[in-house]
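*Asks:* Listed in order, the protein sequences are those of chains V and U.
The opening position of the first sequence corresponds to residue 137 in the working numbering, with each subsequent residue numbered one higher.
The opening position of the second sequence corresponds to residue 137 in the working numbering, with each subsequent residue numbered one higher.
Just so you know, even glycine gets a beta-carbon here, dropped at the ideal spot from N, CA and C.
Number of protein chains: 2
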Amino acid sequence: MIDNATYAQIDRRIEENLDRYIDILARLCAQPSVSAQHLGIEPCAELVATILREEGFEAEIVPSAGNPVVVGRGEGRNPKTLLMYLHYDVQPAEPLELWESPPFELTRRGNRLYARGISDDKGHIAARLAALAAVRDVLGELPCTVKFVIEGEEEIGSPNMQRFVEDHRELLASDACIWEFGGVNVYGDPEMSLGMRGICYVELKVSTANRDAHSGLGGSIFPNAAWRLVQALNTLRDENGRILIDGFYENVRPPSPRDCEYLDRAPDESGVLREMYGLQRYLGAQSGLEWKIQAVFEPTCTVCGLTSGYQGPGSKTVLPAEATAKVDFRLVPDQTPEEVVGKLRAHLDRHGFEDVAITLLAAQRPAKVDPDDPFVQLTIAAARDVYDTEMVVQPIIGGSGPLYPFVSVLGVPVVSAGVGYSDSRAHAPNENVDLDYFVKGIRHTARIIAAFGEQ
Amino acid sequence: MIDNATYAQIDRRIEENLDRYIDILARLCAQPSVSAQHLGIEPCAELVATILREEGFEAEIVPSAGNPVVVGRGEGRNPKTLLMYLHYDVQPAEPLELWESPPFELTRRGNRLYARGISDDKGHIAARLAALAAVRDVLGELPCTVKFVIEGEEEIGSPNMQRFVEDHRELLASDACIWEFGGVNVYGDPEMSLGMRGICYVELKVSTANRDAHSGLGGSIFPNAAWRLVQALNTLRDENGRILIDGFYENVRPPSPRDCEYLDRAPDESGVLREMYGLQRYLGAQSGLEWKIQAVFEPTCTVCGLTSGYQGPGSKTVLPAEATAKVDFRLVPDQTPEEVVGKLRAHLDRHGFEDVAITLLAAQRPAKVDPDDPFVQLTIAAARDVYDTEMVVQPIIGGSGPLYPFVSVLGVPVVSAGVGYSDSRAHAPNENVDLDYFVKGIRHTARIIAAFGEQ
């Protein structure tokens, strides 16, 4: 058991080392690595491997079906292994004119450091290294074995991560994992998510003719692709958001009493969101636990885009030959994207829409971590000391990520801890980290590492 | 009664004058007059007035709420008045690279003359003048009074013609009218339309939030503008094209036995169209009289365009705050655009779609000419002699135009006669007239003028 005096030493060491890890962060940010534009990907992977080696870890660049993955390893006193899932790719910096300093140059203004990727996710790479160094410096060695898996396609949906994990089970074998994000919520309280919804993103396309027709000619006799699409879509969902595909809900696992307990304790953001987005009302419950459950434990069917015929100003009398919709299903445990595509196809066929073509554009399985896992409890306990408040636990969040292979292929509990805060502007211009939250994220991570070695 | 020898003299005179009217046509084509781009509108109106005066007519340029209208007049022996409705504006010439000769320069290749607007509608202006000149030369005077109303906004939907006719009833008062188009169909047979459907073109717009949201955040709780639009549209029409708006059909007048007689005689184009557009099948009847009736005597509700959210390649996980549809209703006698907008609003409100905003983008009333009117019969008889075949009569066509104020405000029968043919390429690159059909159109028009003066 590590005592408070040792944690105080670790905290001091973090402060002493801070400039060194800001320098490392500056080197990472100076190397563009935009996966959507395939900009700087390989050089950034090399840089990450170099930095891992400088920090005393083994590192190799492992090819994947997509961008290379940096895999690192450091032996500890205890063979128990802690995995760090991170990513070195970043979002595009555009629109450039909205940046107040060059996006690929770490710039300090006041208590904040600015650059593209400085929070998402290069700040987390630097913070993990800072935490590991402080723990090692104070304890004389790493208390547990540490592995890194740092991918280069998170910002484009991690299309190859499931396969990569399956293909490298031994290499990545571990006992627990810290996720690529973490930090504090809008109230400044530390927050952790223990699950992510899956995604099944499809394009639906209807083609009814080989060319558009004049609406005066064809209006009452020609099939119309836009009408076909509207009619097909309308069979998928009712006005309350209930999905009408046969058997769609059969694998939906409701939240457990423990999930509901955590949800109930989490802040109610229904009022803040309604105001931020100018909503008249929500689809179902308007606030409270029921609203929180619906927001994350319900699967969704979202029309993300509609395109057909004439879309410019004024009128054009055209009868469209083609129409497409982008449709995003968010999935909850234990649904799978493959299951949803199959049920969608069967549903469309049964309703006479054999002509509506489905193209699968993105797929990720939902995943959840057991909230009662000791590593989760360890992470919550570690946060108390740093943030002086109880961690908010979200049993699952609405978004998606490559959590499933970690939870189900590697079989590890996954927690979040990090340097994010409500004004981080991830994906937006002037992305930044606040130095106070940066240090707190490092301290929290260091406590998790130290306590995990003792557990 | 004009005898055949006189008609033969008129035909000869048309041949003798041909170059003069091709020169007039060349002058008209050399003056761009693109209403959609407001290019050369006023100079073209001036040129048309100048040419009318050179041809011995009075002409004035009368302001309208939009582009100026050229109104002309020539006294005849008989006070009975024949009105020529024409337009001096043309479609844009773009795409320019597909033209084989400069669009605003009359170019002869073989038996064809090429230029933008040479068929639609400057060729008809020149042809009417050529017919009038030949008749006057041979008979010594015009056999009837002739008026011209030549507008400059036909290619943008004649938004001000209804009002212009209402405001100038006396100026335009007449006994019969020849429409701006006419000529032969794909089989080379002369064809006349005696009616046009009306149009009520609206934009439907839904707004559910002040900004787009992440689909992972809002999918199961936020209202989604694309879904609202899909659901609202779906209440408007069933899959067979039947419009579900309450009372929508109450003013629909079915075709008369006489209409059906003409339709039955008209060629059956169901096979040709199905092949041209690559259609699997039509919405209702597949061919024959029932198909012909459905094609033109049924009102329509056509989705001309759909726009919402993300429409680019791949996936973007966005929940759209706005969605719009362009919807074109074609109306049959005795429906009106005002009635349809009112019923649409009531329908949307009754179905809980008060939030779907309607913007009226274009409106024209449907109109029909009595097929038994003596002027219609005169026009059919005049064609026999020129084309050696019976005129095909379409009791109404699927498209729309400003026919209503002529039929209902001026109270005149309206016929078609002209220089169009199946390869005219109106609105497309390499618009042209074929000189044989050009001359036949002039001869037919001359016979109508001469016979009307005698009637």
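Start and end of the alpha helix (DSSP H) containing Glu-291 (chain U)?
*Replies:* Here Glu-291 (chain U) belongs to no alpha helix (DSSP H), and DSSP marks it neither H nor E.
*Asks:* What is the C-beta distance between Val-205 (chain U) and Gly-288 (chain U), in whole angstroms, given that I count them as a contact (C-beta under 8 Å)?
*Replies:* Contact holds; Cβ gap of about 7 Å.
*Asks:* Against chain V, does Val-350 (chain U) count as a neighbour if the rule is that its beta carbon must be under 8 Å from one of theirs?
*Replies:* According to the sequence shown, residue 350 (chain U) is His rather than Val. It does; some Cβ of chain V falls within 8 Å.
*Asks:* Three-state secondary structure (DSSP) at Pro-456 (chain U)?
*Replies:* Three-state DSSP puts Pro-456 (chain U) in coil, outside helix and strand.
*Asks:* Cβ of Thr-515 (chain V) within 8 Å of Cβ of Ala-267 (chain V)?
*Replies:* No.
*Asks:* Measuring straight from C-alpha to C-alpha, what distance separates Cys-440 (chain V) and Gly-377 (chain V)?
*Replies:* Cα to Cα, the separation comes out at about 14 Å.
*Asks:* Would you be able to state if there are at least three C-beta pairs under 8 Å between the segment 142-155 of chain V and the segment 257-275 of chain V?
*Replies:* Touching, yes.
*Asks:* Just how far apart, CA to CA, sit Gln-422 (chain V) and Arg-248 (chain V)?
*Replies:* Each residue's Cα considered, the two are about 36 Å apart.
*Asks:* Give, in chain order, every unbroken run of the beta strand (DSSP E) that is at least 3 residues long and sits entirely within the segment 488-561 of chain V.
*Replies:* Correct list: 493-500 and 528-530.
*Asks:* Taking only beta-carbon atoms, is Arg-248 (chain U) less than 8 Å away from chain V?
*Replies:* By this cut-off, Arg-248 (chain U) is not an interface position.
*Asks:* Is any beta-carbon of chain V found at less than 8 Å from that of Pro-359 (chain U)?
*Replies:* Yes - at least one Cβ of chain V is within 8 Å of the one on Pro-359 (chain U).
*Asks:* Does Val-492 (chain U) pass the burial test, meaning 16 or more other C-beta atoms within 10 Å, or should it be called exposed?
*Replies:* When all chains shown are included, Val-492 (chain U) counts as buried.
*Asks:* Between the Cα of Arg-481 (chain U) and those of U:Pro-469, U:Val-468 and U:Leu-496, spot the shortest distance and give me the residue it belongs to.
*Replies:* Ranking U:Pro-469, U:Val-468 and U:Leu-496 by Cα distance to Arg-481 (chain U) puts U:Leu-496 first.
*Asks:* Taking 8 Å as the threshold (beta carbon to beta carbon), is Ser-560 (chain U) in contact with chain V?
*Replies:* Chain V, which has no Cβ nearer than 8 Å to the Cβ of Ser-560 (chain U), makes this no.
*Asks:* Report the start-end ranges of each beta strand (DSSP E) in the segment 161-207 of chain U that is 3 residues or longer and not cut off at the edges.
*Replies:* List check, beta strand (DSSP E) in window: 194-198.
*Asks:* Is it true that the CB of Pro-435 (chain V) sits closer than 8 Å to the CB of Gln-471 (chain V)?
*Replies:* Contact flag set, yes.
*Asks:* Along chain U, in chain order, which residues have C-beta atoms closer than 8 Å to that of Glu-434 (chain V)?
*Replies:* Ordered by position in chain U, the residues that pass the 8 Å Cβ test against Glu-434 (chain V) are Ser-356.
*Asks:* Could you check where the beta strand (DSSP E) with Glu-277 (chain U) kicks off and where it finishes?
*Replies:* Segment: none, Glu-277 (chain U) is in no beta strand (DSSP E) and carries neither H nor E.
*Asks:* Judging by CA-CA distance, which residue of V:Ala-181, V:Gly-331, V:Tyr-250 and V:Asp-225 is the nearest neighbour of Ile-292 (chain V)?
*Replies:* Closest option to Ile-292 (chain V), Cα to Cα, is V:Asp-225.
*Asks:* DSSP state of Tyr-250 (chain V), grouped into three classes?
*Replies:* Looking at Tyr-250 (chain V) - three-state DSSP - the assignment turns out to be strand.
*Asks:* Could you check whether Val-528 (chain U) and Lys-576 (chain U) sit closer than 8 Å to each other, using their CB atoms as the reference points?
*Replies:* Cβ distance not < 8 Å, so Lys-576 (chain U) and Val-528 (chain U) don't count as in contact.
*Asks:* Quick check: is the beta carbon of Cys-396 (chain U) nearer than 8 Å to any beta carbon in chain V?
*Replies:* Cys-396 (chain U) does not count as touching chain V.
*Asks:* Do Cys-280 (chain U) and Gly-212 (chain U) count as a contact pair if the criterion is CB distance below 8 Å?
*Replies:* Yes, the Cβ-Cβ distance between Gly-212 (chain U) and Cys-280 (chain U) is below 8 Å.
*Asks:* Taking Ala-564 (chain U) as part of the beta strand (DSSP E), name the residues at either end of that continuous run.
*Replies:* Premise fails: Ala-564 (chain U) is in no beta strand (DSSP E) and is neither H nor E.
*Asks:* Label Met-137 (chain V) either buried or exposed according to how many other C-beta atoms from any shown protein chain fall within 10 Å of its C-beta, with 16 as the threshold for buried.
*Replies:* Burial call: exposed.
*Asks:* For a cutoff of 8 Å on Cβ pairs, would you count Leu-265 (chain V) as touching chain U?
*Replies:* By this cut-off, Leu-265 (chain V) is not an interface position.
*Asks:* Please name the residues in the segment 519-550 of chain V whose beta-carbon is closer than 9 Å to at least one beta-carbon of chain U, in chain order.
*Replies:* Result list: Ile-533, Gly-534, Gly-535 and Ser-536.
*Asks:* In three-state terms, what does DSSP make of Met-297 (chain V)?
*Replies:* Met-297 (chain V) falls in the helix class under three-state DSSP.
*Asks:* So is Leu-330 (chain V) in contact with chain U if we call contact Cβ pairs under 8 Å?
*Replies:* Taking Cβ atoms only, chain U never reaches closer than 8 Å to Leu-330 (chain V), which makes this a no.
*Asks:* Short of 6 Å in beta carbon distance, which residues of its chain neighbour Asp-139 (chain U), apart from the five on each side in sequence? Order them along the chain.
*Replies:* Within the same chain, Asp-139 (chain U) has no close Cβ partners at all.
*Asks:* Consider the Cβ of Gln-430 (chain U): report whether some Cβ of chain V lies at a distance smaller than 8 Å.
*Replies:* At least one chain V Cβ lies under 8 Å of Gln-430 (chain U).
*Asks:* Considering Glu-327 (chain U), what are the terminal residues of the beta strand (DSSP E) in which it resides?
*Replies:* Segment 326-329, the beta strand (DSSP E) holding Glu-327 (chain U).
*Asks:* Of the residues that make up the segment 372-392 of chain U, which ones have a beta carbon closer than 7 Å to any beta carbon in chain V?
*Replies:* Those residues of the segment 372-392 of chain U that come within reach of chain V (Cβ to Cβ, closer than 7 Å) are Arg-373, Glu-375 and Gly-377.
*Asks:* For the segment 457-473 of chain V, which residues have a CB atom closer than 9 Å to at least one CB atom of chain U, in sequence order?
*Replies:* Cβ contacts with chain U: Ala-457, Ala-459, Thr-460, Ala-461, Lys-462, Asp-464, Phe-465 and Arg-466.
*Asks:* Could you tell me whether the Cβ atoms of Ile-429 (chain U) and Leu-399 (chain U) are closer together than 8 Å?
*Replies:* In this structure, Leu-399 (chain U) lies closer than 8 Å to Ile-429 (chain U) by Cβ.
*Asks:* Could you have a look at Pro-238 (chain V) and say whether DSSP puts it in helix, strand or coil?
*Replies:* Coil, per DSSP.
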